[in-house]
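Colleague:
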Amino acid sequence: MTGSVKLPAESSGDVLLRAEGLGVDLGGRAVLRGVDLSLARGEIVTVIGPNGGGKTTLLRAVLGLLRPSEGRAFVAPGVTVGYVPQRFAVDRVLPMTVDRLMRLTARPGRGAIEQALAETGTAHLIEASVHGLSRGELQRVLLARALVRQPDLLVLDEPVQAVDYAGEAALYALIGEIRDRRGCGVLMVSHDLHVVMAATDRVVCVNGHVCCTGAPHEVSDHVEVRRLFGPQAELFALYRHHHDHDHDLSGEPVAGHDHHHGHEHQHHGPHHRDHAGGGHAG
Amino acid sequence: MLDDFVVRALAAGLGVAVVAGPLGCFVVWRRMAYVGDTMAHASLLGIALGLILGVDLGLGVLAVTVTVALLLALLQGQRQIGSDTLLGILAHGALSVGLVAVAFMDTVRVDLMAYLFGDILAVSITDLLWIWGGGAAVLAGLALIWRPLLAATVDPDLAHAEGAAPPWTRVVFVVLIAVTIAIAMKIVGVLLITALLIIPAAAARRGAVSPEGMARMAAAVGAVAVAGGLALSFIADTPSGPSVVVSALVLFVGSLALLARG
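Taken in sequence, the protein lines are chains A and B.
Quick note, in our numbering, the first sequence goes up one by one and the last residue is 669.
Quick note, in our numbering, the second sequence goes up one by one and the last residue is 337.
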């Protein structure tokens with residue numbers, strides 16, 4: 388409760404979460420250092436970065452699930468959080484229907500539950516056991532569960548894993564819609580730069596520290612992001628320069644396109660290293 | 076009517092079963108069978124302390140089980156020795172200290188078997204008041220923490236992040252187990268209390284679709300097990316505690332068979 392006192396008066400109603408000089412140690416290792424972050428109502432912020440870079444750690448520290456070893460991180464008092472964790476499984480010894488899961492941390496009426504499930508395309512699953520859901524279905528139900536809380540702040544850790552590619556775009560579109568309709572803030576973690584480009588107001592790249600932050604197109608030009616993401620950052624740039632390239636992003640970057648546009652870029656995937664070594668990149 | 080020891084025994088057994096069923100569901104869901112066991116074993120030390128200090132045995136048991144639970148929570152903060160080892164040390168350590176302490180008391184004649192395996196003939200009106208009063212308190216407490224405890228059981232991080240599981244719910248839960256052990260001791264004895272917590276809950280899993288449904292079913296299975304076990308005990312003159320557990324076991328196996336067929 389005392390955390391709110393420190394917030395500037397003019398922003399206390401808008402700032403949903405804040406990290407100040409945040410540092411986290413896990414197992415004696417410094418995972419995060421000097422992270423500053425804030426998120427306002429109506430804003431979508433995506434945390435990107437390499438595996439092991441501390442994305443999830445940042446999220447968990449902000450949510451109070453990890454104790455910072457330096458600085459502080461908190462969700463503003465009175466803010467209702469809807470959280471979609473990266474991994475979630477109900478133990479099979481615990482019987483649980485989707486309907487009951489929707490009421491786990493809130494007390495919505497039947498109508499609100501049906502509406503939230505419909506928003507994520509899972510209304511037909513309301514009486515189903517959570518143990519029988521596919522990973523993709525569970526992911527959508529979990530998003531509906533977070534929504535039914537009427538959150539001020541939606542926190543999503545890798546929301547599209549286990550959702551197929553067509554569903555992925557739809558899910559990000561939905562997250563944008565939800566923000567527009569409800570005016571909530573959204574903090575999410577993703578390692579997929581392409582979707583970050585389409586669905587985010589602000590990108591924070593984390594690799595032990597905040598290596599850069601800004602609008603998606605600004606971040607994509609950042610040298611450290613390019614170094615960290617390699618071929619994916621190339622596609623990032625392609626997205627900006629050639630907006631018709633969505634179709635070849637379903638899997639690994641397509642080598643053919645790299646050949647066509649290779650001259651525009653400094654960096655290539657591993658399969659081009661020998662080219663560069665031959666003096667091609669200059 | 077309560078003058079009849081058969082009626083008293085049944086009233087006591089049903090009172091314990093109705094409490095142990097729903098509480099036992101959480102023991103099963105949270106995979107805490109060994110925790111229940113540890114507290115139950117340690118309760119013998121509570122009996123010894125009660126006899127030595129001349130206080131009510133139920134209070135002695137309660138004091139020791141709560142202490143053991145808190146000690147366990149404290150010790151789990153250190154990382155060198157695993158939880159299972161700690162539980163074993165606490166359970167058998169407290170049980171042995173209790174047995175040794177009882178052996179030193181030559182002035183008091185203690186029927187140890189009654190505490191280890193339960194003695195249905197020994198249920199008095201006072202015991203009944205303990206069981207029903209304590210049982211009602213446990214059920215009320217469980218109803219109070221049901222939602223936050225369930226949320227924290229399904230996913231502790233999710234519950235904490237959404238502010239849905241204040242830390243005191245876990246402390247209350249442990250105290251509820253301690254009270255249940257104190258009141259169930261008379262019926263099934265120290266060594267078999269965990270069985271009364273987990274077997275009806277496990278038998279109820281098969282047919283349940285919701286956590287609340289499983290809790291109600293566990294209470295019902297426990298009640299039937301108590302009635303069956305007491306009948307066996309009266310008819311065949313078998314020890315009451317093991318008889319109740321055998322009865323519960325039969326119901327559990329029956330639940331497996333029923334669902335395998337259906």
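Note that the Cβ used here is the ideal one computed from N, Cα and C, for glycine as well.
Using the Cβ count rule (16 or more neighbours within 10 Å means buried), how would you classify Gly664 of chain A?
Modeller: With a pLDDT of 36 at Gly664 of chain A, under the threshold of 50, the modelled position of this residue cannot be trusted, and the question is left open.
Colleague: Near Ala227 of chain B, which residues of its chain fall below 8 Å by C-beta distance, leaving aside the five closest residues on each side in sequence?
Modeller: The answer, listed in chain order, is Ala234, His235, Ala239, Ala240, Thr244 and Arg245.
Colleague: Can you tell me whether DSSP reads Asp544 of chain A as helix, strand or coil?
Modeller: In the structure shown, Asp544 of chain A sits in a strand (DSSP, three-state: E or B).
Colleague: Would you list, in chain order, the members of the stretch 516-529 of chain A that have their beta-carbon closer than 8 Å to a beta-carbon of chain B?
Modeller: Answer in chain order: Ser516.
Colleague: Tell me, to the nearest whole angstrom, how far the beta carbon of Ile273 of chain B is from that of Val93 of chain B; I am working on the premise that it is less than 8 Å.
Modeller: The pair is not a contact, with the Cβ atoms about 16 Å apart (cut-off 8 Å).
Colleague: Residues in the same chain with beta-carbon distance under 6 Å from Val263 of chain B, minus the five sequence neighbours each way, listed in chain order, please.
Modeller: Excluding sequence neighbours, Val263 of chain B sits near Gly193, Leu271, Gly316 and Val319.
Colleague: To the nearest angstrom, how far is the alpha carbon of Ala276 of chain B from that of Asp230 of chain B?
Modeller: Straight-line Cα distance between these residues: approximately 20 Å.
Colleague: For chain B, check one thing: does any of its Cβ atoms lie closer than 8 Å to the Cβ of Ser391 of chain A?
Modeller: Residue confidence for Ser391 of chain A is low, a pLDDT of 39 falling below 50, so the modelled location carries little weight and cannot support an answer.
Colleague: Identify each residue in the stretch 470-492 of chain A for which the Cβ-Cβ distance to at least one residue of chain B is less than 7 Å, and report them in chain order.
Modeller: Against chain B - using a Cβ distance shorter than 7 Å - the residues of the stretch 470-492 of chain A are Tyr470, Pro472, Phe475, Val477, Asp478, Val480, Leu481, Pro482, Met483, Thr484, Arg487, Leu491 and Thr492.
Colleague: Taking the C-alpha atoms as reference points, what is the distance between Leu224 of chain B and Asp232 of chain B?
Modeller: Rounded to the nearest angstrom, the two C-alpha atoms are 12 Å apart.
Colleague: Buried or exposed: Ala138 of chain B, going by 16 or more other Cβ atoms within 10 Å of its Cβ?
Modeller: Answer is buried; the Cβ neighbour count reaches 16.
Colleague: Run the proximity test for Ala557 of chain A: is its beta-carbon closer than 7 Å to any non-hydrogen atom belonging to the ligand FAD?
Modeller: Annotation note on the ligand FAD: not contained in the displayed structure, which lists no ligands.
Colleague: Taking the C-alpha atoms as reference points, what is the distance between Ala505 of chain A and Asn594 of chain A?
Modeller: If you take the alpha carbons of Ala505 of chain A and Asn594 of chain A, they lie about 37 Å apart.
Colleague: Taking Cβ-Cβ distances shorter than 8 Å, what residues in chain A pair up with His235 of chain B?
Modeller: The contacting residues are Leu450, Gly451 and Leu452.
Colleague: On the DSSP bridge list, what partners appear for Ala406 of chain A?
Modeller: Partner(s): A:Leu424 and A:Ala460.
Colleague: Given a cut-off of 8 Å, decide if Leu305 of chain B and Gly88 of chain B are closer than it, judged by their beta-carbon atoms.
Modeller: Yes. Within cutoff.
Colleague: Please determine, among A:Arg589, A:His609, A:Pro603 and A:His596, the residue with the shortest C-alpha to C-alpha distance to Ala427 of chain A.
Modeller: Taking only the C-alpha atoms, the option nearest Ala427 of chain A is A:Arg589.
Colleague: Going along chain A in order, which residues have a C-beta closer than 8 Å to the C-beta of Arg280 of chain B?
Modeller: By Cβ distance, chain A contributes Val480 and Pro482.
Colleague: Listing by chain order, which chain A residues have their CB less than 9 Å from the CB of Thr269 of chain B?
Modeller: Residues of chain A passing the Cβ test: none, with the nearest at roughly 16 Å.
Colleague: Should Ser285 of chain B be flagged as near chain A, meaning a C-beta pair shorter than 8 Å?
Modeller: It does: the Cβ of Ser285 of chain B has a partner Cβ on chain A nearer than 8 Å.
Colleague: What is the rounded straight-line gap between the Cα of Leu450 of chain A and the Cα of Ile206 of chain B?
Modeller: Roughly 42 Å separates the two Cα atoms.
Colleague: Do Leu119 of chain B and Leu165 of chain B have their C-beta atoms within less than 8 Å of each other?
Modeller: No, Cβ-Cβ distance for Leu119 of chain B and Leu165 of chain B is not below 8 Å.
Colleague: Would the beta-carbon of Arg487 of chain A fall within 8 Å of that of Glu407 of chain A?
Modeller: Going by C-beta atoms, Arg487 of chain A is not nearer than 8 Å to Glu407 of chain A.
Colleague: So with Cβ pairs under 8 Å, would you call Met180 of chain B a contact of chain A?
Modeller: It does not; no Cβ of chain A falls within 8 Å.
Colleague: Can you tell me which of the three DSSP states Ala84 of chain B falls into?
Modeller: Three-state result, Ala84 of chain B: helix.
Colleague: Name, in chain order, the residues that DSSP records as bridge partners for Tyr470 of chain A.
Modeller: According to DSSP, which records beta bridges pairwise, Tyr470 of chain A is partnered with A:Val542.
Colleague: List the residues of chain B that Arg536 of chain A touches, going by C-beta distances under 8 Å, in chain order.
Modeller: Simply Glu237.
Colleague: To which residues of the same chain is Thr113 of chain B closer than 6 Å at the C-beta, ignoring the five residues directly before and after it?
Modeller: Within the same chain, Thr113 of chain B has close Cβ partners Leu162, Leu165 and Ala166.
Colleague: Would you kindly check if the distance between the Cβ of His511 of chain A and the Cβ of Arg479 of chain A is under 8 Å?
Modeller: Result no, Cβ atoms of Arg479 of chain A and His511 of chain A do not sit closer than 8 Å.
Colleague: Would you say Met388 of chain A faces chain B, with C-beta separation under 8 Å as the test?
Modeller: Note that Met388 of chain A scores a pLDDT of 40, beneath 50, so its modelled location is shaky and nothing firm can be said.
Colleague: Under 8 Å, do Met489 of chain A and Ser516 of chain A count as touching if we go by C-beta distance?
Modeller: The answer is no: Cβ separation not under 8 Å.
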